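In my numbering, the protein residues as written are 286 to 358. Virtual Cβ for every residue (Gly too), placed ideally from N, Cα, C. Since we're looking at a predicted model, the values are computed, not measured.
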Amino acid sequence: MQNSGKGINIGQGRGLGQGGGRGRNKGGAFGIGGDCVCAKCGAKIAHQTGEKCTNMKCPECGHTMVREELLNK
């Protein structure tokens, strides 16, 4: 018998998997408005549309800002 290099694949593909998450905030966005808050000193600045809070530095202490909704969880 000659081996053609093709294996016999009988698997059913029924793994249960553990994923199913949709990343941060369950895949949703916080929308427009809201504030960016310094996790270190608590200073707040208005969130700028299209700009991530984590790309901004606190004007008071220079620490990275985070979206206010994330601190309230």
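Sort the options by Cα distance to residue i and report the nearest one.
i    : options                : result
C326 : P344, G335, K291, I295 : P344
E354 : H348, G347, H332       : H332
I330 : K337, E336, C321       : C321
H348 : C323, E336, K337       : C323
List the whole-angstrom C-beta distance separating residue i from residue j, where the pair is believed to meet the contact cut-off of C-beta under 8 Å.
i    : j    : result
T339 : I317 : Going by Cβ atoms, the distance from T339 to I317 rounds to 17 Å, so no, they are not a contact pair.
Quick check: what's the CA-CA separation for residue i versus residue j?
i    : j    : result
A328 : E336 : 18 Å
R352 : I295 : 49 Å
M350 : M341 : 6 Å
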